[in-house]
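Report on the structure given below.
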């Protein structure tokens, strides 16, 4: 995130634009952007070029100061860019778009140039897009400050892209895809303004119905989350964040030079931000078209109204597949009304089949009944080409029904040229249409998802009483270690944060071991504690069910085994611990790692075989409150196990939730904790116990 | 499947077509189909209508016999259809299409009519499409024997649909979707010809490059599998089978009246058939366009060649997402060649970025290098609109490269109108193109899947030595039962098929119990055996670790507990069984049920918590051979557990495979076994043991 927060109105609605580096040379960026600006911009365009009198018929001035613009577009050679940007600042031009390439994307020299550019912008508090940007567009003033070949149709979508070519592609495709744009920004290298600034600005812009982005990285994860949470209160945000797969992440990193954070972190971050994540371009713009309508479904029940059986079945499958939707169950009254209004051959249950000879009125009757049903939150309206329909009229009737009932619709126009009139009418009225029922359901699913986002509140996670000094002390002990790892000897940090651990202690002599076991008062578990011995069981470094009377001997035996296994191993002592019956409970895991973009993440999953083989885990940004921690326990596939599947007693879920919440606060409080695993956290009907712990500490962060 | 197998050439390439029920009444089926036939058909069209002299300018005849056609299209009122079809048979017209509705889809009267229609067709050995069909189309002779509004462009796709409206939709959409058709059939009620006949016929048709279907049911599952296996040897088959979801299945069943088989059975059946299953219309036709090319990838490695970084990253993600594809790793020679041929700023690793100023030659150079790489089996070629490219030339160059290298390509044309020339050139040359990289990768994934199908062999499952008389005897014991269920007392059927069971027996007196325990020679497990007591553990009906000396007492105790719990329960005895240590092994489950369309299915999964909570199971048609059974053990998510995850010893996989194979043969051999579960089948490094068994037997099938 840049310092240049606040409104970006100057960028999108200037009165006077200077093109620094304007020229007439064929094929040049300076010519293309000047020509685009001269073609349709409501304000004035001033070419800046000390070597020319005029460019494309407009009189040139020699410097930015002479041009006195609101917005400067910079297309000079890379070595002059920093100077030009300084001149902008000195001339009190705050909004600047740098098209020139040859910065961070090109190696060391370019990276140095980009650093100087950033410094110059900071000094003058500039709102700067680029460098290496295709430019910006804004429909209301007819501003096309890009060197791309076209301007897009006007509309309510504001679009940012970390790929300039993708802007060109989308703009070319927009008309046939039925997309209209308010603002378009090619982000370029994001030296100053980035996705966070744009989301913040567009979130406040009444002309932007939906924000759409193609992103390869998010620079300041937490800042983005804050900005997006505010924006999504009334403006949906949908993005493709590429680099989802390993190969894709590598390709993205080589394309943008950004350090690749894990996709798990992006997933958690975008979810926390309330941003809808699309996996493909088609999904992104299908969502954009559905979200542009602005009305969200009041329930997840979907009505299907069709004039053909087969497509109705396909739509029903598609609704069944959609994560957030289900086929609505009509009330008796709805069925009776449909039966009264439709011919005998019609199907009056959902999916409603108005049959092939339906005219517009019959569709309208069916829609009026279905959309008034209390279980219906949205609807898919399907039409296949028939001779009995006036498709322009049908489009209008469908749009009228949506408006009058306040229920969002997606149309499935199963045909080509014969349905053009319906397609045009629906587009005009803002009702999304698709050929494929699966895409119509996908559009409604996006709306439903946004409805959930809009209904969210983001309470501060509850505070956690903790003995932070004790944690600081335990973490500092890592400085005496050859590596940066701690194990069960650090269990005190869990105690300090109120996470239940088995009774016991790490001791370094047999008498002390015996004393601890006596305190526990029953057979104990004993484990060698050594950072150098990873697989304790394999060397006989673990003893279970040791009676109190045998504890001292067992101590000696464990130490002897460790010494003979690895004579130079550091032995910190022996852990003497209350026996936790794994069979009586469910093994879970609570983990954390620190992401370069999003900071500490908290992970929850089922332990043992589940986490290793099934990877059944879920991630959030840390810290989490109780509500979020509870969501996590419901998110995993094996969630029913915690809730008492197979006739077992449910575990103490409150205790699990509390442990997740406390560990998440611990890792958020201590930036020195790079990675941490509580594995297993054993959950039983009577509570939880953190049985084992590993963590990695960054000594350089111990004081922060 | 009908008896009317064999070639359907008469249907698709007639010389003379009669329209029975031809008329001029506006809006009538008889007029529409006559007009369609008169518009473009190479052969002659004879209207049949005793009440008219001429229809649409063609002279009428009074009867089918007078018309003497190769193909009769029937559009008379429903009550006359059966008579007309008889007349066809008597006039030796073998190919008949019945457009008339009002048969099985309309209730009892219609169902009777359809039965009589079927009888008439069988009597005369007719190849009959319909009733309730939109009709058939065939491009080579320009035949449009439908009452739909349009004919589609010609091409290599043959298409069948259980929805007439969907045919209309696809035909209208075909031109813009870039699809061309050889034959199109609206299946209607499938009284005679069905999907199996069409797959068989199109599989033999050199003019059909790919078979595409929209199906709501498959009537004869096993017949379809046989026909499809033969067809897919050189012709890919892709279908949407709708009714995948519960709601969809209900809607499909109400649309077609077919008994809904389980989707698991369809999944297993289509997989066994080698048929590609699409989940959506878009996926279906994306696959069709890719499959039309006919060349399958030699490896799963995909090269990406792009003129823009961002779209290259998106394509890389899409390849990473695709189940059957991965990004290819270029050999050093390929990288060197690319480095020599491309400018310094280009990316010469995969994804190859030829950068924004590339012309056609540079694309061609990059493709020549990439497609010659030994790891590359297919490629995605991406272009965003730039000023430096001639798109028609680019389309040709891409198609040339594909042809010369024999490597299938999918183009990703990221733009709209500016790329039309490329789109047209590629379409002309049979190279599929898409806007979305994810769809391009999906197309290549379909090709890869078909490559796997084409490489399959279908060996007969190995025979199983079994004592079938013993099984027959055990199954017959169900006749003495109040319900149709058997439990552990039927373990003998597993023994008879060579599936290892724990040592032991079901006994009905304490002395016998003791004798069995002595034979086992160590502590045993004892369970009450009663069809009336389902939860044996809950009433203390199970004892583990019973020493031999205590077996007789334990017997009495178990029986007493059962009596006191449920005085009227049938107690068959007590099972005395060798102790199988569940902790030392992996609990698996082998199950079976009988599907109305596909017959017996065999299921394998991990037992215990996995099968109940995670539903981690896989299905095949029974019987399976070793290779298929081994695939099943690899198919489940938890497969690594069997192969020794978490440092455990791998289980005896051969024994698991053998048990699956033997159970599958058992259920295939005995149609009376309606359902069967071996749960658990405990797998250890030393073999397997079937510990528990439940089955349901249909007494009426005992003799079959």
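Protein chains in written order, with the working numbering: chain L, 412 to 1115; chain P, 412 to 1115.
For every residue, glycine included, the Cβ atom is placed at its ideal position computed from N, Cα and C.
For the set 941(P), 699(P) and 476(P), the Cα lying nearest the Cα of residue 841(P) is the one of 699(P). If you look at residue 1092(P), you'll find it in the beta strand (DSSP E) that goes 1084 to 1095. By the CB criterion at 8 Å, residue 621(L) and residue 855(L) fall outside the cutoff.
The Cβ-Cβ distance between residue 819(P) and residue 706(P) falls below 8 Å. Contact between residue 738(L) and residue 730(L) holds: their C-beta atoms lie close to 5 Å from each other, under 8 Å.
Per the DSSP secondary-structure output, residue 823(L) pairs in a beta bridge with 793(L) and 845(L). For residue 902(P), the secondary structure class from DSSP, reduced to helix, strand or coil, is coil. Within the stretch 1022 to 1067 of chain L, the complete alpha helix (DSSP H) segments at least 4 residues long are 1037 to 1046 and 1050 to 1053, listed from N- to C-terminus. For the 8 Å CB-CB criterion, residue 596(L) and residue 571(L) form a contact.
Counting only runs of 3+ residues, the beta strand (DSSP E) found wholly inside the stretch 918 to 980 of chain P occupies 935 to 940 and 953 to 957, in chain order. In chain L, no part has a C-beta under 7 Å from the C-beta of residue 592(P); the shortest such distance is about 14 Å. Unbroken alpha helix (DSSP H) runs of no fewer than 4 residues, entirely contained in the stretch 669 to 698 of chain L, are found at 674 to 684, following chain order.
Residue 523(L) and residue 515(L) have their C-alpha atoms spaced approximately 8 Å apart. In this structure, DSSP gives residue 983(L) a state outside helix and strand, which the three-state scheme calls coil. Proximity of residue 424(P) to chain L, defined by a Cβ-Cβ separation below 8 Å, is not satisfied. A distance of 8 Å or more separates the beta carbons of residue 684(L) and residue 1031(L). DSSP places residue 489(L) inside the alpha helix (DSSP H), whose first and last residues are 489 to 501. Nearest Cα to residue 937(P) within the set 928(P), 720(P) and 986(P): 986(P). Where residue 646(P) is concerned, there is no enclosing alpha helix (DSSP H), because DSSP gives it neither an H nor an E.
Under the criterion of beta carbons closer than 8 Å, residue 593(P) and residue 566(P) qualify as touching, at roughly 7 Å.
With a contact defined as Cβ atoms closer than 8 Å, residue 723(P) and residue 810(L) miss out at about 39 Å. Annotation: residue 1043(P) has no Cβ neighbours in chain L at a cutoff of 7 Å; minimum Cβ distance is about 17 Å. Given a length threshold of 4 residues, each whole run of the alpha helix (DSSP H) inside the stretch 423 to 450 of chain L is given here in chain order: 440 to 449. About 24 Å separates the beta carbons of residue 903(P) and residue 934(P), which is beyond the 8 Å limit, so they are not a contact pair. Under the 8 Å Cβ criterion, the stretch 457 to 472 of chain P counts as touching the stretch 430 to 443 of chain P, having at least three qualifying pairs.
Under the DSSP assignment, residue 621(P) falls outside any alpha helix (DSSP H), being part of the beta strand (DSSP E) whose first and last residues are 621 to 626. With respect to the C-alpha of residue 744(P), the residue from 766(P), 777(P) and 725(P) having the closest C-alpha is 777(P). The stretch 963 to 980 of chain L makes no contact with the stretch 989 to 1000 of chain L, as fewer than three CB pairs between them are under 8 Å. Residue contact check for residue 514(L) against chain P: no CB pair falls below 8 Å. Flagged as an interface residue toward chain P: residue 625(L), by a C-beta distance shorter than 8 Å. Between the stretch 832 to 846 of chain L and the stretch 1025 to 1043 of chain L, the count of Cβ pairs shorter than 8 Å is below three; the stretches do not touch. Here the stretch 433 to 453 of chain L does not lie against the stretch 475 to 482 of chain L, with fewer than 3 beta-carbon pairs under 8 Å apart. Taking each of 1019(P), 794(P), 882(P) and 893(P) in turn and checking the Cα distance to residue 578(L), the smallest one comes out for 794(P).
Residue-level contact check: residue 577(P) touches chain L, since one or more beta carbons of chain L fall below 8 Å from its beta carbon. Using beta-carbon distances, residue 693(L) counts as an interface residue toward chain P, with a partner under 8 Å. For residue 710(L), not one C-beta of chain P is nearer than 8 Å to its own C-beta.
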